[in-house]
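This report refers to the structure that appears directly beneath it.
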Amino acid sequence: MATTAPIYNCPAEIFGWITKGLPTSDLLKLCRVSSRMRQAAEAILYSKLEWKWQVSWEFSLRSDQLPLAPPIELLVRTLLHRPELGAQVRVLVLDGTDPVFRRCGRLPIVEPEHEPEDELEPFSPPISLIGSIDNYIEQVLDDTELGMLVKTISDLELPQDEQELWIQEMHRGSIDAFAALLLLQTPNIRYLKLGEAFSDGCDCICMVLRWALYGRGSALPSPPLFRSVTKLIWPFFDTWDTSMAEYREAHPNTACVLGLFYIPQLEELAAYIDNPTSGALEWPVDHPPNLSKLQSLDINFLREGHLAQILALTTQLKTLRWNWWYHPQADSQFVNLTINLDNIMTALSHVKRTLTHLALTTSVWPAEPESHSSLKMTGSLAALATFNSLKTLEIPAPLLFGSLEPPKRGAQLQFQSCLPQNLETLRVTDFLMGKHKEDEWGGGKLAPIITSWMEDWRSSTPHLRRFQLFLNPTNGARKSWQRKRRQELALAAVQAGLEFEIYNGDKKLT
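Be aware that the sequence shown starts at -13, since it is given in our numbering, and climbs by one per residue.
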């Protein structure tokens, strides 16, 4: 009588295809069936590690609502004993937000013994129910394991002060320290994301980055870390406030983030980069990076003079999303209150041949009339019309019109003179205008100009298919963009043969 061979005896490719679609609960069960099934299941389970946590004390939540945090220290211990599991990781997401401090903080191992007061109190680490952080680390990791981690750090040939800082942070339970150790144990990752919580506190991770990419000297072989990374999201956020401005000025991240560009296979990068306090960007080594593989760049904060240095090194960049701020305190060669459109075009000219998608976002902080009154604009974006590869353009209306003053009759000529002829999608935003500019830049001014342009859009952009208008919800956009005006504009778009959409923030209006 013929017998059926066990499923785990089938070829590895077929077995992997079968198990790949199983839910996590079933994969965990397979780990208990046989060594071969465990090996196949672990390869899937460890291929993607995606975590999100917050700091140990969330001021705005009651104690019974505090989120549970994934035990990164336990994973570090597991990979320490079984390095083959770390080699399976292809996607690593360490995410988390802290609206008060934007910091990754310490291991969130405790819960408060009382409910927090309604009023926010000065930050202080919570008292552990099981003792100090040191005691907790010693309970999770025995002396041998702690010694192995210390040796791992010591063997990296880092400067002595950096080694001591990292080891000290590890004993204190710093998530940054353990995340850096996790990176050492996952050499084959292709996609890495560090969430907003790491925007204030990733010194140890930066140490690993420097050591792996350019800090070892030419005589030493390069480790495999970061060598397979093609997509990287560095700590990234798109808001701005006083506390952040003060912290960024005192703790610029410029040197660390510039090191990311030395990742050899990097294709997509999203990051904020602090502007140097003076002078041009300085690369961390004596030669600039090779950016021939970079295709997508999402940059926050950096101004045009510094951005130009990066764009000049690219040869295949297709997508650029650039978000920057103007604020009254800015007064230097590179950071000031002048929107110099000529300088912006000089920076963008480096990617004129390859760029297919361009999104420009800029705003004034603080968003008060006094800040806007100090803002100036010079130059023109007319050279943008020569970007023949550009298919999608997102741009604030004042930049498109070339003026901070409200548009006047005939402004559609200035409007269309900046548009590339092969453009397919145009998104116009009003996010640069403050609330006090709503009457000047509202629907009463823009709608007639847009309607007039729609009557003759084919003469400048014959391939255009879609026009989208994005309104800033904080500007009271609904007042000047009432339903009747929106419907009139939508009708004009239909008659012109264009798809038309209007959004108030993320909400689509009808």
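For every residue, glycine included, the Cβ atom is placed at its ideal position computed from N, Cα and C. For clarity, every value in this text was computed on a predicted model and none was experimentally measured.
key: Contact belief for S466 with G428 at Cβ below 8 Å, rounded distance in angstroms   = With 8 Å as the limit, S466 and G428 qualify as a contact, their Cβ atoms being about 3 Å apart.
task = With a cut-off of 8 Å on the beta carbons, I'd call V414 and A383 a contact; round off their distance for me.
result = Right, the Cβ-Cβ distance comes to about 5 Å (below 8 Å), so this counts as a contact.
inquiry  = Here's a check: name, in chain order, each residue in its chain whose Cβ is nearer than 6 Å to the Cβ of A345, leaving out the five neighbours to either side.
reply    = Counting only Cβ-Cβ distances below 6 Å, and skipping sequence neighbours, we find R307 and E380.
request  = Indicate the three-state DSSP secondary structure (helix, strand or coil) for A476 in the structure shown.
outcome  = It is helical.
query = Per DSSP, what kind of secondary structure is E103 in: helix, strand or coil?
reply = Any reading at E103 is ruled out, since the residue's pLDDT is 39, under 50, leaving its predicted position unreliable.
request  = Have a look at L455 and A433 and give me their C-alpha separation to the nearest angstrom.
outcome  = Inter-residue distance for L455 and A433 is about 10 Å (C-alpha atoms, whole angstroms).
message = Given a cut-off of 7 Å on the beta-carbon distance, is the pair F247 and P221 in contact?
response = Cβ distance not < 7 Å, so F247 and P221 don't count as in contact.
request  = Could you name the residues of the same chain whose beta carbon sits closer than 8 Å to that of T64, not counting the 5 residues immediately before and after it, in chain order?
outcome  = Around T64, the same chain offers L71 as residues with beta carbons nearer than 8 Å, after the five sequence neighbours per side are excluded.
Any C-beta of chain B under 7 Å from that of P448 = Of the protein chains in this structure there is only one, and it is not chain B.
T300 classed as buried or exposed, judged by whether at least 16 other C-beta atoms fall within 10 angstroms = Its Cβ being crowded by 16 or more others within 10 Å, T300 is buried.
inquiry  = Suppose you measure from the CA of P145 to the CA of A371; what does that come to, to the nearest Å?
reply    = Going by the C-alpha atoms only, they are around 51 Å apart.
ask   = Ordered along the chain, which non-local residues of its own chain (more than five positions away) have a Cβ less than 7 Å from that of I153?
value = These residues qualify, in order along the chain: V136 and I139.
query = Using a Cβ-Cβ cut-off of 7 Å (strictly less than) and excluding sequence neighbours within five positions of A482, which residues of its own chain qualify?
reply = Contacts found: M440, E441 and W443.
ask   = Just how far apart, CA to CA, sit T332 and L367?
value = Approximately 10 Å between the Cα atoms of the pair.
query = What is the DSSP secondary structure of I259, counted as helix, strand or coil?
reply = Here DSSP, grouped into helix, strand and coil, assigns I259 to coil.
query = What residue does the alpha helix (DSSP H) around H67 start on, and which one ends it?
reply = That run of the alpha helix (DSSP H) goes I58 to H67.
request  = Report the three-state DSSP secondary structure of A266 (helix, strand or coil).
outcome  = For A266, the three-state secondary structure derived from DSSP is coil.
task = Measure the C-alpha to C-alpha separation of F287 and W3 and round it to an integer number of angstroms.
result = Going by the C-alpha atoms only, they are around 44 Å apart.
ask   = In terms of alpha-carbon separation, which member of Y177, L405, R76 and N326 lies closest to L255?
value = Out of Y177, L405, R76 and N326, Y177 has the C-alpha closest to the C-alpha of L255.
CA-to-CA distance, I161 to C190, given in whole angstroms = Cα-Cα distance, rounded: 10 Å.
inquiry  = Excluding the 5 residues flanking T340 on each side, which residues of the same chain have their C-beta closer than 8 Å to its C-beta?
reply    = Taking T340 as the centre and dropping the five residues before and after it, the same chain places the C-beta of T300, T301, Q302, L303, K304 and S375 closer than 8 Å to its C-beta, in chain order.
ask   = Of the choices I0, A198, Q398 and T172, whose alpha-carbon is the least far from that of K34?
value = Out of I0, A198, Q398 and T172, the CA that lies nearest to the CA of K34 is found in T172.
query = Tell me which same chain residues have a C-beta within less than 7 Å of the C-beta of R289, skipping the five on either side of it?
reply = N261, W310, F320 and V321, listed in sequence order.
query = Sorted by chain position, which residues of the same chain lie with C-beta nearer than 8 Å to L293's C-beta, five sequence neighbours on each side aside?
reply = Taken in chain order, the residues that qualify are I285, W308 and A333.
ask   = Since F453 and T347 are thought to touch, with beta carbons under 8 Å apart, how far apart are those beta carbons, to the nearest angstrom?
value = Contact annotation, F453 with T347: C-beta distance approximately 18 Å; criterion of less than 8 Å not satisfied.
request  = Grab the span of the alpha helix (DSSP H) containing W37 for me, first residue to last.
outcome  = Here W37 belongs to no alpha helix (DSSP H); instead the beta strand (DSSP E) covers K34 to K38.
ask   = Mapping DSSP to helix, strand and coil, what is Q454?
value = Q454 falls in the strand class under three-state DSSP.
query = With distances taken between CB atoms, is the gap from V194 to A163 smaller than 7 Å?
reply = No, these two residues do not count as a Cβ contact at 7 Å.
ask   = Terminal residues of the continuous alpha helix (DSSP H) containing P384?
value = Going by DSSP, P384 is part of the alpha helix (DSSP H) stretching over A383 to F387.
request  = Using only alpha-carbon positions, find the residue among I259, S403 and I436 that is nearest to C242.
outcome  = When C-alpha distances from C242 are compared across I259, S403 and I436, the shortest belongs to I259.
query = To the nearest angstrom, how far is it from the Cα of I175 to the Cα of P448?
reply = Spanning the alpha carbons of I175 and P448 requires a straight line of approximately 43 Å.
task = Give the straight-line distance between the Cα atoms of I30 and K6, rounded to the nearest whole angstrom.
result = If you take the alpha carbons of I30 and K6, they lie about 7 Å apart.
task = Give every residue of the same chain whose Cβ lies closer than 8 Å to the Cβ of S445, excluding the five residues on either side of it in the sequence, and list them in chain order.
result = Only Q402 meet the Cβ criterion.
message = Quick check: does the Cβ of M193 come within less than 6 Å of any heavy atom belonging to the ligand MG?
response = The ligand MG is not part of this structure, which contains no ligands at all.
inquiry  = Checking the sheet assignment: what are the DSSP bridge partners for I325?
reply    = Looking at the DSSP assignment, I325 forms a beta bridge with M363.
query = Between the C-alpha atoms of E143 and E155, what's the straight-line distance to the nearest angstrom?
reply = E143 and E155: Cα-Cα distance of roughly 18 Å.
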